[in-house]
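A short worksheet on the structure shown next.
Protein chains: 2
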Amino acid sequence: MTNPLPQGATIGILGGGQLGRMLSVAAARLGFKTCIFEPGADCPASHVANAHIQAAYEDEGALRKFAASVDVITFEFENIPTSALDILEALKPVRPNRKALRVSQDRLVEKAFLNDLGLQTAPFAAVDDGVDLTQAMSEIGLPAILKTRRFGYDGKGQARISSPNEAEAALAEMNGAPSLYEGFVDFSREVSVIAARGLAGDVACYDPGENVHEGGILRTTTIPARLTTAQRTDAVLLAAKILNKLDYVGVMGVELFVTDAGLVVNEIAPRVHNSGHWTQNGCAVDQFEQHIRAVAGWPLGGGVRHSNVVMENLIGDDMDRVPDLAKDGTAALHLYGKAEVKPGRKMGHVNKITGPA
Amino acid sequence: MTNPLPQGATIGILGGGQLGRMLSVAAARLGFKTCIFEPGADCPASHVANAHIQAAYEDEGALRKFAASVDVITFEFENIPTSALDILEALKPVRPNRKALRVSQDRLVEKAFLNDLGLQTAPFAAVDDGVDLTQAMSEIGLPAILKTRRFGYDGKGQARISSPNEAEAALAEMNGAPSLYEGFVDFSREVSVIAARGLAGDVACYDPGENVHEGGILRTTTIPARLTTAQRTDAVLLAAKILNKLDYVGVMGVELFVTDAGLVVNEIAPRVHNSGHWTQNGCAVDQFEQHIRAVAGWPLGGGVRHSNVVMENLIGDDMDRVPDLAKDGTAALHLYGKAEVKPGRKMGHVNKITGPA
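For the record, the sequence lines run as chains X and Z.
Heads up: the first sequence begins at 1 in my numbering, then just goes up one per residue.
Heads up: the second sequence begins at 1 in my numbering, then just goes up one per residue.
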């Protein structure tokens with residue numbers, strides 16, 4: 001499929017969380033239907049989709065049924081089992097492509113890829129055992145973070161090592177999984193670029209947002225970020241470089257550290273990204289629609305912003321603040337319809353419009 | 001139910017067209033589930049709803065099932081059969097209430113209601129037969145429009161009478177239905193106020209938009225309308241008067257003619273309104289969310305606008321323009337997912353952001 005997806009075509013989305021939910025709404029807005037593949041019942045995306053195939057990623061029959069019912073496949077998370085991709089790729093276009101997933105599913109591969117592109121990352125070393133760890137500590141220094149190479153998100157699968165006597169416990173926490181030892185970067189702020197690349201190779205980026213994390217979870221994104229014009233340009237060019245190298249189709253989140261020595265890439269996410277939620281109330285075409293446009297072979301939105309926005313995540317008990325937030329006329333609520341409030345669980349976000357861009 | 005509707009509650013929507021579709025998305029954004037009642041298969045709202053009960057409005061069993069599965073009921077169109085409302089009202093709160101429907105379902109009742117409130121309307125007379133029509137023509141004059149009292153929308157069920165010899169044909173077009181003879185109003189422009197009233201009686205209005213109709217169908221709405229400050233205030237106060245009198249809960253569209261003798265009410269629609277679609281890209285809380293907030297007993301958004309917008313309907317073959325519109329970075333597309341393009345059919349709309357408010 002290289003022609004633009006026509007009205008009424010169906011976009012298949014792997015994963016039924018809040019990202020799938022907002023992708024589904026964006027797809028509908030462009031006249032597409034959606035089918036969600038998600039093992040969980042009553043998932044957020046299923047509330048706003050045409051169909052929900054509730055099955056495990058190992059269920060070959062369900063995967064085939066899913067592929068047969070859609071025109072193109074995308075995903076809301078990067079840790080899709082390889083076996084599922086093998087089946088789906090043979091049946092329907094999967095966008096973004098396998099290369100982006102391979103790179104971002106493994107922190108070691110990702111950092112090596114970025115360095116090969118000439119981009120800066122935190123100092124890192126592969127750690128499979130205590131010997132590796134001792135060597136990494138001596139080469140890279142302390143403090144540092146030990147992370148599993150795969151399946152990490154929102155601060156999970158990570159252990160901080162501040163002194164050598166914490167090394168053993170950190171290694172134990174990795175539970176034998178191949179890991180990455182990552183040195184700290186001395187940064188003044190964290191920003192991210194939400195970049196998109198279309199089927200024809202065109203690239204469009206939103207202005208970088210400035211992120212504040214708490215406990216490994218994104219707390220707020222503020223637009224515009226406090227960056228010099230040169231930094232802003234660097235950030236966007238750097239993101240475009242990554243997308244082009246991967247022959248990427250869709251939206252990618254590129255997290256950056258701002259340092260005295262330039263921009264350092266923290267990580268890339270081959271999907272719509274929490275730090276891009278502000279676009280829903282700042283732009284005519286938000287990141288979700290931008291992703292759908294790319295995946296559907298449509299022209300990309302330009303990334304132009306009409307308003308400045310502060311996005312705040314509503315995590316766990318933050319939901320108690322919803323009645324008050326609802327009284328603020330400049331606050332746009334986006335709640336995910338999750339049945340249960342849990343500590344650390346992303347329940348929604350609020351985009352506060354702070355003024356014209 | 002007087003408490004605010006909690007997260008995860010279900011809002012029932014009668015009607016599955018584009019208005020139900022956009023209401024459903026807005027409800028999801030606030031963490032609600034939705035159930036659509038609509039006789040048609042594969043209706044636009046069903047694509048983004050939790051459930052779709054496909055049944056006739058005369059199907060008592062289906063209506064009861066619908067009522068049992070929702071917490072509150074609203075609607076996207078005013079011509080809901082009385083028998084269906086009788087059943088539903090006894091089971092769950094229906095918002096807006098019956099009074100608003102009674103008034104707006106009958107053009108004669110509506111105009112009398114508005115005049116009783118001290119508001120101006122076009123001159124009118126009830127027409128049931130040729131005798132009535134002859135008298136109306138002589139009293140009100142020509143040209144005029146003969147309209148069925150009930151079930152009209154988008155210019156349907158209407159016949160223009162420019163000279164007495166067109167009277168017979170116009171009457172025949174009414175097909176024996178009780179009708180209304182309506183004189184023309186000499187207006188400089190058409191505007192509309194999208195007004196909302198909450199469960200606690202609070203009222204919030206968006207700034208009036210200026211409408212251009214073609215062939216009885218809304219073509220564009222431009223924000224802001226060309227109005228004096230006094231006219232703007234009058235429009236909003238007048239709308240509030242209507243909502244308060246009806247003890248209304250929800251969003252209402254109030255169409256006005258701007259004349260040298262002040263504002264004349266053309267018609268009221270007890271629902272979200274095509275001329276309020278611009279709010280999706282001009283406000284933090286759009287008319288659809290505003291309606292859901294009212295119906296759910298939540299605080300209303302303030303009606304504040306961050307951007308100026310021109311909304312244009314995409315009617316029938318206008319869909320051929322979508323590929324070009326998709327290339328315009330300031331244009332936000334909203335397509336309805338209707339399977340078939342027909343002449344005169346509303347297929348979508350585009351909100352063009354023209355600048356900060």
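Quick reminder that beta carbons are idealized off the backbone N, C-alpha and C, glycines included.
What span of residues does the alpha helix (DSSP H) with G61/Z cover, start to end?
Looking at the DSSP string, the run of the alpha helix (DSSP H) that includes G61/Z is 60-68.
Which partner residues of P356/X appear in the DSSP bridge assignment?
Partner(s): S307/X.
Could you tell me the boundaries of the beta strand (DSSP E) in which F75/Z lies?
Segment 72-75, the beta strand (DSSP E) holding F75/Z.
Kindly list the residues whose CB is nearer than 6 Å to the CB of A26/Z, restricted to its own chain and excluding five residues on each side of it in sequence; keep chain order.
Here the set comprises F288, E289, I292.
List the residues that DSSP assigns as beta-bridge partners of G348/X.
DSSP output for G348/X lists L314/X, L335/X as bridge partner(s).
Assigned exposure category for E190/X - 16 Cβ within 10 Å defines buried
So E190/X counts as buried.
Which residues mark the beginning and the end of the alpha helix (DSSP H) in which I87/Z is found?
Boundaries of the alpha helix (DSSP H) around I87/Z: 82-89.
Could I get the ranges of all uninterrupted beta strand (DSSP E) runs contained in the stretch 231-261 of chain Z, with 3 residues as the minimum, in chain order?
Scanning the stretch 231-261 of chain Z for uninterrupted beta strand (DSSP E) segments of 3 residues or longer gives 250-259, listed from N- to C-terminal end.
Would R321/X be called buried (16 or more neighbouring beta carbons within 10 Å of its own) or exposed?
Under a 10 Å Cβ-count criterion, R321/X is classified as exposed, with fewer than 16 other Cβ atoms of the shown protein chains found around its own Cβ.
Beta carbon of Y181/Z, beta carbon of R305/Z: below 8 Å?
No, they are not a contact pair.
Beta carbon of L5/X nearer than 8 Å to that of A100/X:
For the pair L5/X and A100/X, the CB atoms are not nearer than the 8 Å cut-off.
So what's T222/Z in DSSP terms, helix, strand or just coil?
Looking at T222/Z - three-state DSSP - the assignment turns out to be strand.
List the residues that DSSP assigns as beta-bridge partners of R197/X.
According to DSSP, which records beta bridges pairwise, R197/X is partnered with V203/X, G250/X.
Given a cut-off of 8 Å on the beta-carbon distance, is the pair S192/X and H277/X in contact?
In this structure, H277/X does not lie closer than 8 Å to S192/X by Cβ.
What is the DSSP secondary structure of Q120/Z, counted as helix, strand or coil?
For Q120/Z, the three-state secondary structure derived from DSSP is strand.
Any beta carbon from chain Z within less than 8 Å of F222/X's own beta carbon?
Residue identity check: residue 222/X is Thr in the sequence provided, not Phe. No, its Cβ sits nowhere closer than 8 Å to a Cβ of chain Z.
Can a CB atom of chain X be found closer than 8 Å to the CB of L333/Z?
Taking Cβ atoms only, chain X reaches closer than 8 Å to L333/Z, which makes this a yes.
Per DSSP, which residues does H213/X bridge with? Please list them.
As DSSP reads the structure, H213/X sits in a beta bridge with L218/X.
Judging by CA-CA distance, which residue of L30/Z, A296/Z, G157/Z is the nearest neighbour of G215/Z?
It is G157/Z.
Taking H277/X as part of the alpha helix (DSSP H), name the residues at either end of that continuous run.
That residue, H277/X, is in no alpha helix (DSSP H); it is neither H nor E in DSSP.
Any beta carbon of chain X sitting closer than 8 Å to that of I242/Z?
Closer than 8 Å: no.
Contacts that P4/Z makes with chain X (C-beta to C-beta distance below 9 Å):
What P4/Z touches in chain X: P323, A326.
Going along the stretch 21-42 of chain Z in order, which residues come within less than 7 Å of chain X, judged by CB to CB distance?
Within the stretch 21-42 of chain Z, the qualifying residues are V25, A28, R29, L30, G31, K33.
Along chain Z, in chain order, which residues have C-beta atoms closer than 8 Å to that of A339/X?
Residues of chain Z with a Cβ closer than 8 Å to the Cβ of A339/X are, in chain order, G8.
Rounded separation between A235/Z and T222/X - CA only:
Across the structure, A235/Z and T222/X are spaced so that their CA atoms are roughly 37 Å apart.
Just to confirm the assignment, what range does the alpha helix (DSSP H) spanning L133/Z have?
Looking at the DSSP string, the run of the alpha helix (DSSP H) that includes L133/Z is 130-140.
Return the bridge partner residues of S104/Z from the DSSP annotation.
For S104/Z, which the question treats as bridged, DSSP gives no partner whatsoever.
Residues that DSSP places opposite E267/Z in a beta bridge
Beta-bridge pairing links E267/Z to E255/Z.
Are E76/Z and I13/Z close, meaning C-beta to C-beta below 8 Å?
Judged by their CB atoms, E76/Z and I13/Z are nearer to each other than the 8 Å cut-off.
Can you tell me whether L442/Z is buried or exposed, with buried defined as 16 or more other CB within 10 angstroms of its CB?
This structure cannot speak to residue 442/Z, because chain Z is shown only from 1 to 357.
At the level of alpha carbons, what is the spacing between N308/Z and A195/Z?
When rounded, the distance between both Cα atoms is 18 Å.
Consider the Cβ of P270/Z: report whether some Cβ of chain X lies at a distance smaller than 8 Å.
No, P270/Z does not count as interfacial toward chain X.
I want to know whether the stretch 349-356 of chain Z touches the stretch 310-330 of chain Z - three or more CB-CB distances under 8 Å.
Yes, since at least three Cβ pairs between the stretch 349-356 of chain Z and the stretch 310-330 of chain Z fall closer than 8 Å, the two stretches touch.
Please list the partners that W298/Z has in chain X, where partner means a Cβ-to-Cβ separation under 7 Å.
Listed along the chain, the chain X residues whose CB falls inside 7 Å of the CB of W298/Z are A326.
With a 10 Å radius around its C-beta and 16 neighbouring C-beta atoms as the bar for buried, classify G15/Z as buried or exposed.
The C-beta of G15/Z has 16 or more other C-beta atoms within 10 Å across all chains shown, which makes the residue buried.
Note down, in chain order, every chain X residue with its Cβ under 9 Å from the Cβ of N281/Z.
Result: A284, H306.
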